[in-house]
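**Student:** For the sequence shown, this note's numbering assigns the number -18 to the initial residue and increments by one for each residue that follows.
For glycine and all other residues, C-beta sits at the position ideal for the given N, C-alpha and C.
For clarity, every value in this text was computed on a predicted model and none was experimentally measured.
Could you have a look at this structure, given as structure tokens, before my questions?
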Amino acid sequence: MTSSFPLPSGGEVVRTVKTYGRDLFERVVNTAAAGFVAAVIPAQAADASMWYAAGGAGVGALYSLLKGMLARAFGDPNSASLSRKV
């Protein structure tokens, strides 16, 4: 029985998953790095622990990860953006 609904080939699916994964990984790493830098400068000025800065970066990265996963469900499934036009 043939389906009238066009399905992508297996190779196409693997490519889109790799593209999405690479995009999401890049966003999470960039968010963690930006969060760390943004937290280190005030932490040094306030003489706070570097662990607080690392924790702040981790919270930002976790937020970025969750946002990217939600974007896959509600936005374009091939992008970590919430916009369907990306």
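Helix, strand or coil: which one does DSSP assign to D57?
**Tutor:** Position 76 of the sequence shown holds residue 57. Looking at D57 - three-state DSSP - the assignment turns out to be coil, as it is neither helix nor strand.
**Student:** Just to confirm my understanding: we take P58, look at its own chain, exclude 5 residues before and 5 after, and list those with CB closer than 8 Å. What are they?
**Tutor:** Counting from one through the sequence shown, the residue named residue 58 turns up at place 77. Taken in chain order, the residues that qualify are T(-3), Y1.
**Student:** How big is the Cα-Cα spacing for M50 and A19?
**Tutor:** One-based indexing of the sequence shown puts residue 50 at position 69. One-based indexing of the sequence shown puts residue 19 at position 38. Rounded to whole angstroms, M50 to A19 spans 24 Å at the Cα level.
**Student:** With distances taken Cα to Cα, identify the nearest neighbour of N11 among L63, R53, L43.
**Tutor:** Your numbering for residue 11 matches position 30 in the sequence shown. Closest option to N11, Cα to Cα, is L43.
**Student:** What's the call for A13, buried or exposed, on a 16-neighbour Cβ count within 10 Å?
**Tutor:** Taking the first residue of the sequence shown as position 1, residue 13 is located at position 32. Label assigned to A13: buried.
**Student:** With 16 as the cutoff for other CB atoms within 10 Å, does V(-8) come out buried or exposed?
**Tutor:** Taking the first residue of the sequence shown as 1, we reach residue -8 at position 11. For the sequence presented, residue -8 should be read as Gly rather than Val. The residue in question, G(-8), is exposed, as its Cβ has fewer than 16 Cβ neighbours within 10 Å.
**Student:** Please state whether DSSP places D63 in a helix, a strand or coil.
**Tutor:** For the purposes of this step, residue 63 is taken as the residue at position 82 of the sequence shown. Strictly speaking, residue 63 in this sequence is Leu, with Asp absent from that position. Reduced to three states, the DSSP call for L63 is coil.
**Student:** From G39 to S60, what does the alpha carbon distance come to, in whole angstroms?
**Tutor:** Numbered from its first residue, the sequence shown carries residue 39 at position 58. Numbered from its first residue, the sequence shown carries residue 60 at position 79. Distance between the alpha carbons of G39 and S60: 22 Å.
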